[in-house]
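Below is one structure, written out as structure tokens; the observations come after it.
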Amino acid sequence: MYLRSDERGPEMSNRLALRIALFGGLAVVLLVVLFVRLWLLQVVSGEKYLAEANNNRSREFRVHAPRGSILDRNGKVLVENRTSLALQVDPGKLPPRAPRRRAELAQLAELTHSSPDRVRKLMHEQLKLAPSAPVTLRRDVGHYLVYYLQENQDRFPGVEVQRVFVRRYPQGTLAAHLVGSVGEVSEEELKEPRYRGLEPGDEVGKDGVEYTYDRYLRGRPGMTRIQVDAFGEPTAHGQLVSRPPVPGDNLKLSIDSDVQAAGEAALSARGLPGGFVTMDVHSGEILGLGSFPTFDPSVFTRPMTQSQVDALYRDPVSAPLTDRAIAGLYPTGSTFKLITAMAALESGTITTSTPIFDGGSLTVGGESFQNAGGAAYGTLTLVPALQVSSDVFFYTLGLEMWDTGDLQRWAHKLGIGRPTGIDLPGAATGLLPSQGWRNRLFKEGETERPWSAGDNIQLATGQGDLQTNPLQMAIAYATVANGGTVVTPHVGLQVDDAAGRVVKEFDPPSRRHVHVDPEYRAAILEGLHEAAQAPGGTSYAVFGGFPVPVAGKTGTAQRVGHADQSWYIVLAPYPNPRIVTAVTIEEGGFGAESAAPAALQILEAYFNKHTSGPAGPNGGSPG
Amino acid sequence: MYATRTRQARPEPFAVRPGIAERLGLPYMDGALALSAIVLAAFGVFTLAQATLHDVPGNPYYYVDRQAIYAVLGVAGMYLLTRVDYSRFRELRVGVYTFLCVSISLVFVFGFAARGSRRAFELPFFSFQPSELGKLLLVLALAGFVIDGARRGSDRQRTVRYLCLGLAPAALVFLQPDLGTALVLAVITLAVMYVGGVRWTHFATIGAALVTLVAIVLVVAPAVGTPILKGYQQQRLTSFLHPSEDPSDAGYQQNQAKIAIGSGGKTGRGDRATQTRLDFVPERHTDFIFAVIGERYGFVGAALVLSLYALLIWRALRIVTLSKNSYGTLVAGGIAAMLLFQVFVNVGMNLGIMPITGVPLPLLSYGGSSVLATFLAVGVLQSIHMQARLSQKGRFAW
């Protein structure tokens, strides 16, 4: 030890000097470390930290934009908005300690008549999507609950009540399949380009025109950026930026509510699953399109009960969410004969005056094909064959064209088994059986026999493997009726902004043109007219007394495992049709039995409006 | 009187009556030391005035008033100590040490609890935290014991004795619990022993023991289920290694302090500061006041503060070398180490390179006891300086 005496002089021992020098050295090093660190933070990375600080203290609130309304062609409101109070939880403001947080969530679950597990699951799913966005626990909370929460705010940190917009359906279930539903954008959807710029919690159309025209209806959410403190509480005078929301544009549909309502009423009166479509044959505008059973679209705006979920999703027979008019896959029965007739005429297989003998049955390769009801009509040309719906006449055409592909070519041209281009999601493509199709299946071992004449004979009368739906058939009929234009069916007519200015009109160009000889068209329409309104016609009993001349064809399709399916397709007015209506009713029996009366109800609704004036949907006369 | 007698023994040539400065002892003081301490305290009050305006509803100057009163008291105390011969404390070492231990212990009985920790007495107008003054008292007493015991026992015995003397109050403070002050007391003990000449090999042994202890406290003890540190203490100590986004987490606080300082940039954000104004940085008037300075006044302000501390520590180290006796050397060394450790740990914690230990920033952090004790420590340094100057002139203080 160097300490000899307390009275040592100012000169220090060398060892002490060394220790003090080291001490000083340490001080220098430590202070230099602080200075360097300070320099790095403030001068080198200052910008970065400033940005972080700014990001820290500001918080964006999305202000939801009201979705546009959906109207029918006459301006009748099909879908609009109502405001609702939604109970939301901001996960960032919940108590940080787990037991308290659990207790609060359990209490909220009780208040919203939910279970803690369900609340936790909701929160968990939402937090995965957007870690900081508030989670909506329940919409349409009552005022009492809101008051209760406001009075006990300190007991429910992080709970807020927000005004949100909810879809409202003033016409009830009318056009439910068409308008579709809305819901919160999903994680998968957010990755799609059509939803660019959206955030979790935003609502998008999930089905129907809500889906197709989502980008017009959606509007643009507004944004408020405010300054908040560390607890996320807004500070006084802290509004930094504000952008008001832009309400969605209103969508006007080509639907005529009266036609739509008549079609839905006609189907529901029969009480059997089915679908209908009424379309302008020239423009492709759809005046009515529906399916039965239907559903109440407003169930999607509220939490569903298990029985509601079961009814919507778990019943394969009624399948109320399926739009049978566009997604059905059915054989068509005799309504297909228009297509067979076109194919036979245009391919030169027959002329309008070629006589064919109907002896009640046709036997091919040991297999006998009978007329329905065991009838035998003798020698027929095309027009009477259509009038009485002679099966043997068309079996013969099917047999003659069995390996030429003409029937398939014309069915394909008229749109059977191919996309229609309709502006609704979920439309089925269908299946047009052909030689190539069946032979390929046979080669792959998926069927027991190759294509035969019998297949074509079946197809000629709309039986067998054919799978199509009212929309495709309506397009085929419209194409013949309008002289060869394959229209693009559409329900969207026009988009207006909130101020009523037209933003966009939809007039999709026709898909393609098909050569339809006017003579053949006239013969076919005459045959259908006789069938509907001449004594002895297949649907004379239904349409004989209808004041407007029409051309209509019944169909009775045989479906394996089902009773016969009833079809009716009608063009009106004859001879220059403006509209086509196709109706199908599962297990509805003969065409004239259920589908034809349903079609009559629709036409009555349409012509009640349109007999007094000259105007059709387009106001023009057909070409 | 001692001083009078000397003056008579060595009469001035022109028998000039001493000037006012002479009589106040100003020429014998370390002006830079006093100035740096006073400027730092003033800067602290100024910063508090700007940063805590809205903290106490209805009383915008709650913190400022209290801090200013303590600063003034501190300056007065500093001056008084300047005029006292520090060597008296060596004679009083046993009394000082006893007072130190008793006052810390009494906190357990009479102290009031703040955030789960009993550290201070609640007096009618203010609270007093004995452990803050205890830092200075430990320096004064321990230095005395080291000088006194220099000739008794073997080197090893002496080392163990000093360690026990120093770590006893540290342990008491640790139990309050106040980890930060306990660490400061431990560092003071080591510094006094270091300047007192304890062998390097002993320090090596102490270092090894320390590493083992840290390993046990942080790793082994929690693993076997008998944690020594409280959960928040352990979290704070290790959180600077892994900054976190969780606001309830200590790492988050440190990250926010770092953002605050960084966002200050070169010249600071002034009243547009948000990090420290909107509660992102916790404890901004005490442990994280350096973050407030960094954000408000930028590199210019923060570097100025650091420079003032560098000046303070340099002057303290200089006084270590000037002291007229070994006791003064040890005391000055202990105070210098105390200041250096506190500044480095606190500023390092603000800058995100040291763990959160609850060590206040001397003279700047809000807290009367701390400000007062630091000024008194500076006063002791002044006293050492003054005695050295007077003895150089062949004179002694009164």
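Residue numbers (this note's numbering), protein chains in the order written: chain P, 1 to 623; chain H, 624 to 1021.
Just so you know, even glycine gets a beta-carbon here, dropped at the ideal spot from N, CA and C.
Just the chain H side, please: which residues come within less than 8 Å of residue i by C-beta, in chain order?
i              : result
K48 of chain P : G885
R19 of chain P : Y817, V818, G820
R15 of chain P : G820
Is the shortest distance between the beta-carbon of residue i and the beta-carbons of chain P less than 8 Å?
i                : result
L1013 of chain H : no
A925 of chain H  : yes
Q898 of chain H  : yes
T589 of chain H  : Within the shown structure, residues of chain H are numbered from 624 to 1021, placing residue 589 of chain H beyond reach of any answer.
K881 of chain H  : yes
F922 of chain H  : yes
S867 of chain H  : In this predicted model, S867 of chain H has a pLDDT of only 49, less than 50, meaning its place in the structure is not dependable enough to derive any value.
F826 of chain H  : no
I1023 of chain H : In the structure as shown, chain H begins at 624 and stops at 1021. Residue 1023 of chain H is therefore absent and cannot be evaluated.
A672 of chain H  : no
G700 of chain H  : no
G956 of chain H  : yes
V1003 of chain H : no
T629 of chain H  : Model confidence at T629 of chain H stands at a pLDDT of 47, short of 50, so the residue's coordinates are unreliable and nothing is read from them.
Who are the neighbours of residue i on chain P, taking C-beta pairs under 8 Å?
i               : result
G971 of chain H : V33, L34, R37
I976 of chain H : V33, R37
K889 of chain H : Q42, V43, G46
G830 of chain H : Going along chain P, no residue has its Cβ under 8 Å from G830 of chain H, so there is no contact; the nearest lies around 14 Å.
Of all the CB atoms in chain H, is at least one closer than 8 Å to the CB of residue i?
i               : result
I625 of chain P : An answer regarding residue 625 of chain P cannot be provided, because it is not within the stretch 1 to 623 covered by chain P.
V89 of chain P  : no
Q171 of chain P : no
Residues of chain P with CB closer than 7 Å to the CB of residue i, please, in chain order.
i               : result
G963 of chain H : Inspection of the sequence shows that residue 963 of chain H is occupied by Leu rather than by Gly. The contacting residues are A27, L30.
S651 of chain H : Contrary to the premise, residue 651 of chain H reads as Tyr rather than Ser in this sequence. What Y651 of chain H touches in chain P: nothing, since even the nearest Cβ is about 15 Å away.
A933 of chain H : L31
F578 of chain H : Outside the modelled stretch of chain H, which goes from 624 to 1021, sits residue 578 of chain H, for which no answer is possible.
What residues match up with residue i in a beta bridge as DSSP calls it?
i               : result
Q876 of chain H : Partner(s): none; Q876 of chain H has no beta bridge.
E160 of chain P : P:Q88
A572 of chain P : P:I579
Q370 of chain P : P:S361
V166 of chain P : P:R82
F276 of chain P : P:G290, P:V583
T136 of chain P : P:Q88
S407 of chain P : For clarity, residue 407 of chain P is Leu in the given sequence; the question names Ser instead. L407 of chain P is not bridged to any residue.
H513 of chain P : P:T485
N250 of chain P : P:D496
Under 7 Å Cβ-Cβ, which residues of chain H neighbour residue i?
i              : result
G24 of chain P : L940
So which residues on chain P does residue i lean against when the C-beta distance must stay under 9 Å?
i               : result
L929 of chain H : L31, L34, F35, L38
G917 of chain H : L38, L41, Q42
Does any residue of chain C bring its CB to less than 8 Å from the CB of residue i?
i               : result
Q472 of chain P : Chain labels in this structure do not include chain C; the protein chains are P and H.
* Given 8 Å, three or more beta-carbon pairs between the segment 64-80 of chain P and the segment 904-919 of chain H -> no
* Any chance you could list the alpha helix (DSSP H) runs of at least 4 consecutive residues sitting entirely within the segment 899-963 of chain H, in chain order? => 912-945
* **Secondary structure, beta strand (DSSP E): runs of 3+ residues fully inside the segment 182-216 of chain P** => 182-184, 203-205
* To do: Please go through the segment 291-358 of chain P and give each complete beta strand (DSSP E) segment of 3 or more residues, from N-terminal end onward.
  => 356-358
* Asked: Which ranges does the beta strand (DSSP E) cover as unbroken runs of at least 3 residues, wholly within the segment 734-818 of chain H, from first to last along the chain?
  -> 735-737, 740-745
* **At least three beta-carbon pairs within less than 8 Å, the segment 748-758 of chain H to the segment 979-994 of chain H** => yes
* State whether the segment 30-48 of chain P contacts the segment 208-228 of chain P, with contact taken as three or more CB pairs (one from each stretch) at a distance under 8 Å. => no
* Asked: Is the number of C-beta pairs between the segment 424-434 of chain P and the segment 456-470 of chain P that are closer than 8 Å three or more?
  -> yes
* Report yes or no: do three or more beta-carbon pairs, one from the segment 306-313 of chain P and one from the segment 165-177 of chain P, lie closer than 8 Å? => no
* **Stretch-stretch touch, CB-based, cutoff 8 Å, three pairs: the segment 316-323 of chain P with the segment 454-466 of chain P** => no
* **Length-filtered (4 minimum) alpha helix (DSSP H) runs lying within the segment 58-87 of chain P** => none
* Asked: Does the segment 328-338 of chain P come close enough to the segment 551-568 of chain P to have 3 or more Cβ pairs within less than 8 Å?
  -> yes
* **the segment 666-677 of chain H / the segment 711-728 of chain H touching (three or more Cβ pairs under 8 Å)** => no
* Would you check if the segment 476-486 of chain P and the segment 356-374 of chain P touch, i.e. whether three or more CB-CB distances between them fall below 8 Å? => no
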